[in-house]
Amino acid sequence: MLYALFTMFLPTTREEMNALGWDRPDVILVTGDSYIDHPLSGAALIGRVLMDAGFRTAVIAQPDVSEPHDITRLGEPRLFWGVTGGSVDSMVANYTASGKRRKSDDNTPGGINNRRPDRALIAYTNLIKRFFKGTCPVVLGGIEASARRIAHYDFWSDSIRRSVLFDAKADILVYGMGEKAVLELARSLRERKEFRRIRGICYAANEKPPQCTELPSFSEAARDKDLFLEMFRSFSASCADPGSGALCQLQDTRYLVQNPPQPLLTTSELDMIYDLEFERGHHPFYEKMGSVKALETIRFSITTHRGCFGGCSFCSIGVHQGRSVISRSRESIIREAQRLIRHPEFRGVISDLGGPTANMYAMGCGRNAASPCKVGQCLFPGVCASLETGHKAQIELLRAIRSLPGVKKAFVASGVRHDLVMADAKYGECYLEELVKHHISGQMKIAPEHTSVRVLDLMGKPGNECLIAFKDLFYRLTRKHGKKQFLTYYLMAAHPGCTLDDMQELKRFATSELRTNPEQVQIFTPLPSTRSAAMYHAGKDPCGKHHIFVEKDRLHRQRQKDVLTARAAIGKPRRPKP
Numbered sequence: 000m001l002y003a004l005f006t007m008f009l010p011t012t013r014e015e016m017n018a019l020g021w022d023r024p025d026v027i028l029v030t031g032d033s034y035i036d037h038p039l040s041g042a043a044l045i046g047r048v049l050m051d052a053g054f055r056t057a058v059i060a061q062p063d064v065s066e067p068h069d070i071t072r073l074g075e076p077r078l079f080w081g082v083t084g085g086s087v088d089s090m091v092a093n094y095t096a097s098g099k100r101r102k103s104d105d106n107t108p109g110g111i112n113n114r115r116p117d118r119a120l121i122a123y124t125n126l127i128k129r130f131f132k133g134t135c136p137v138v139l140g141g142i143e144a145s146a147r148r149i150a151h152y153d154f155w156s157d158s159i160r161r162s163v164l165f166d167a168k169a170d171i172l173v174y175g176m177g178e179k180a181v182l183e184l185a186r187s188l189r190e191r192k193e194f195r196r197i198r199g200i201c202y203a204a205n206e207k208p209p210q211c212t213e214l215p216s217f218s219e220a221a222r223d224k225d226l227f228l229e230m231f232r233s234f235s236a237s238c239a240d241p242g243s244g245a246l247c248q249l250q251d252t253r254y255l256v257q258n259p260p261q262p263l264l265t266t267s268e269l270d271m272i273y274d275l276e277f278e279r280g281h282h283p284f285y286e287k288m289g290s291v292k293a294l295e296t297i298r299f300s301i302t303t304h305r306g307c308f309g310g311c312s313f314c315s316i317g318v319h320q321g322r323s324v325i326s327r328s329r330e331s332i333i334r335e336a337q338r339l340i341r342h343p344e345f346r347g348v349i350s351d352l353g354g355p356t357a358n359m360y361a362m363g364c365g366r367n368a369a370s371p372c373k374v375g376q377c378l379f380p381g382v383c384a385s386l387e388t389g390h391k392a393q394i395e396l397l398r399a400i401r402s403l404p405g406v407k408k409a410f411v412a413s414g415v416r417h418d419l420v421m422a423d424a425k426y427g428e429c430y431l432e433e434l435v436k437h438h439i440s441g442q443m444k445i446a447p448e449h450t451s452v453r454v455l456d457l458m459g460k461p462g463n464e465c466l467i468a469f470k471d472l473f474y475r476l477t478r479k480h481g482k483k484q485f486l487t488y489y490l491m492a493a494h495p496g497c498t499l500d501d502m503q504e505l506k507r508f509a510t511s512e513l514r515t516n517p518e519q520v521q522i523f524t525p526l527p528s529t530r531s532a533a534m535y536h537a538g539k540d541p542c543g544k545h546h547i548f549v550e551k552d553r554l555h556r557q558r559q560k561d562v563l564t565a566r567a568a569i570g571k572p573r574r575p576k577p
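If you're matching positions, the sequence shown starts at 0 in numbering that gives the first Met the number 0 and goes up one per residue.
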């Protein structure tokens with residue numbers, strides 16, 4: 000590996016480029032987050048992958064969109080500009096579910112939300128093209144690009160918007176995690192080869208390609224809610240199937256073409272990426288502007304796997320990371336832990352050992368790869384019989400990490416799917432006991448989200464029986480080991496299908512069965528290209544068969560949350576009559 004021979008930040012100033020002997024970069028990555036050199040930063044990770052492959056890669060973080068001084072300081076790249084909104088969609092980063100402007104931003108120096116523009120992909124692409132006429136290709140990537148790659152419902156304008164590739168007037172969009180597609184694209188541009196057949200990208204075309212599934216057009220989807228749902232179902236099915244074919248959608252007079260996805264990374268390929276060296280710090284150029292709060296949480300965290308087969312209706316992870324879980328080898332994770340131990344600021348605590356869902360590590364579908372499942376619902380209405388749910392590999396990993404000299408504590412701070420724990424009759428209780436004894440600090444986070452069967456069905460979440468069984472097991476184990484620990488429940492208000500009566504029943508359940516006054520409550524936000532956003536817009540279930548209640552009034556949405564967060568006396572658990 001060329002770049003792993005030494006450690007440094009990717010350059011972000013002309014002085015750094017001069018010190019490296021560069022006249023110009025091959026690639027400049029523009030990001031809506033400050034530049035943290037950490038594998039959980041998409042720009043940093045893609046930058047490291049490109050550098051390791053021999054491409055000179057620089058970063059411009061949070062450029063001022065009103066002036067040229069930031070975007071022009073490195074000149075123009077040879078191959079392409081890579082543009083990302085950051086670790087979350089820029090509209091989610093900038094606005095609450097009630098439409099209020101967020102005052103703080105954990106990924107901005109000083110913590111003040113004053114550097115990330117709304118619709119960052121559009122703003123940054125316009126900025127580049129304003130000061131570099133006829134420039135090399137602009138390539139969009141990251142979660143904002145993935146989730147907005149086709150026509151989609153946009154909560155903030157309450158409208159159907161075109162693919163962000165068209166609205167930004169960019170040249171190429173890379174969807175998904177992107178390492179393979181970006182490397183293939185960089186090589187094709189360097190060698191002046193045709194790039195439009197690269198898997199995992201979207202581009203604009205004047206004509207519909209052959210052997211392409213055509214979605215209802217943007218204008219049809221914007222005009223007719225039933226056609227919007229038809230479009231969404233076809234798109235969603237392609238996200239669930241790694242072997243899906245090409246899609247296309249008429250946007251104006253041109254088509255958006257989405258090539259088939261890249262093959263899933265293998266464990267060895269994922270290991271190679273996470274074996275790359277990262278500074279795990281804030282670049283000094285941006286550090287002088289103020290500290291970044293996000294770094295405090297993630298600096299000494301370790302990603303064990305990618306993807307999530309949970310299939311929650313409101314979540315964007317499946318659209319971006321995918322619904323198949325790809326896990327690193329235990330050896331790779333241990334190597335990363337050993338690098339953390341050698342870090343000068345490491346004090347013995349690994350802040351998180353997990354992924355999108357902590358306990359999906361080393362799990363996957365047991366079906367024959369030649370006949371993949373088309374449903375994409377592995378955990379709903381129950382845990383699929385074909386899913387390999389054993390926690391043995393996770394138990395062994397946790398024991399190996401905490402036995403390393405120099406590791407005092409390794410927390411599992413990522414959320415845990417309680418239904419997976421309860422579905423594993425052989426190792427589930429042992430896994431939870433490991434967490435209770437060694438890997439949580441006072442509280443453990445789970446996300447039942449609701450208790451109404453009707454609402455849970457629309458969310459794609461499990462029922463209350465599993466939740467109660469998990470709660471009882473957790474507290475039995477904490478008492479067994481003399482721990483003063485408790486469960487924290489993430490709950491949601493105003494999801495499609497949820498009424499004020501449902502929230503009042505949830506409040507009664509929380510106080511009597513969970514014995515808590517909920518604090519971790521969020522008002523539902525319709526994230527682009529999620530099943531819940533489609534329901535919110537159309538007012539129908541995902542199949543389009545039944546109308547459902549959708550609370551859209553902001554005051555009433557807030558009222559649903561207020562019902563749940565109001566202080567109330569904790570009652571005794573209700574038990575069924577004998």
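Using N, Cα and C, we set each Cβ at its ideal position, and we do this for glycine too. Here the structure is a predicted model, which is why all the values come from computation and not from measurement.
Check, Outcome
"C-beta contact flag for proline 525 and alanine 532 at 7 Å", "yes"
"Cα-Cα separation between leucine 455 and proline 461, rounded to whole angstroms", "7 Å"
"Whole-Å CB distance - valine 64 paired with alanine 122, under 8 Å assumed", "5 Å"
"Inside the region 501-527 only - beta strand (DSSP E) runs reaching at least 3 residues", "520-522"
"Whole-Å CB distance - glutamine 248 paired with alanine 150, under 8 Å assumed", "6 Å"
"Other residues of its chain near threonine 124: CB distance less than 7 Å, five sequence neighbours each side excluded", "Val82, Val137, Ala167, Lys168, Ala169"
"Among Asp51, Met50, Gly53, Thr71, the one whose alpha carbon lies nearest that of alanine 60", "Thr71"
"Distance, proline 259 Cα to arginine 196 Cα", "9 Å"
"Limits of the unbroken alpha helix (DSSP H) element including tyrosine 535", "530-537"
"Reduced DSSP secondary structure (H/G/I, E/B, other) of cysteine 247", "strand"
"Reduced DSSP secondary structure (H/G/I, E/B, other) of alanine 369", "Confidence at alanine 369 is low in this model, with a pLDDT of 46, below 50, so its placement is unreliable and the value that follows should be read with caution. Note: alanine 369 maps to coil in three-state DSSP."
"Rounded C-alpha distance that separates glutamate 387 from glutamate 276", "32 Å"
"Per DSSP, cross-strand counterpart(s) of serine 326", "His304"
"First through last residue of the beta strand (DSSP E) which encompasses methionine 491", "485-492"
"Length of the line joining the Cα atoms of glutamate 178 and aspartate 36", "16 Å"
"Endpoints, beta strand (DSSP E) assigned at lysine 201", "The residue asked about is misnamed: residue 201 is cysteine in this sequence, not lysine. Looking at the DSSP string, the run of the beta strand (DSSP E) that includes cysteine 201 is 200-204."
"Counted within 10 angstroms of its Cβ, other Cβ atoms place threonine 303 as buried (16 or more) or exposed", "buried"
"DSSP three-state assignment for alanine 220, whether helix, strand or coil", "helix"
"Local conformation of phenylalanine 410 per DSSP, three classes", "coil"
"Leucine 214 beta carbon less than 7 Å from that of leucine 246", "yes"
"Cβ separation of methionine 288 and proline 108, assumed to be a contact under 8 Å, to the nearest whole Å", "4 Å"
"DSSP state of tyrosine 254 mapped onto helix, strand, coil", "strand"
"Valine 420 versus aspartate 223: straight-line alpha-carbon distance, rounded", "42 Å"
"Simplified DSSP state of phenylalanine 8, which is helix, strand or coil", "coil"
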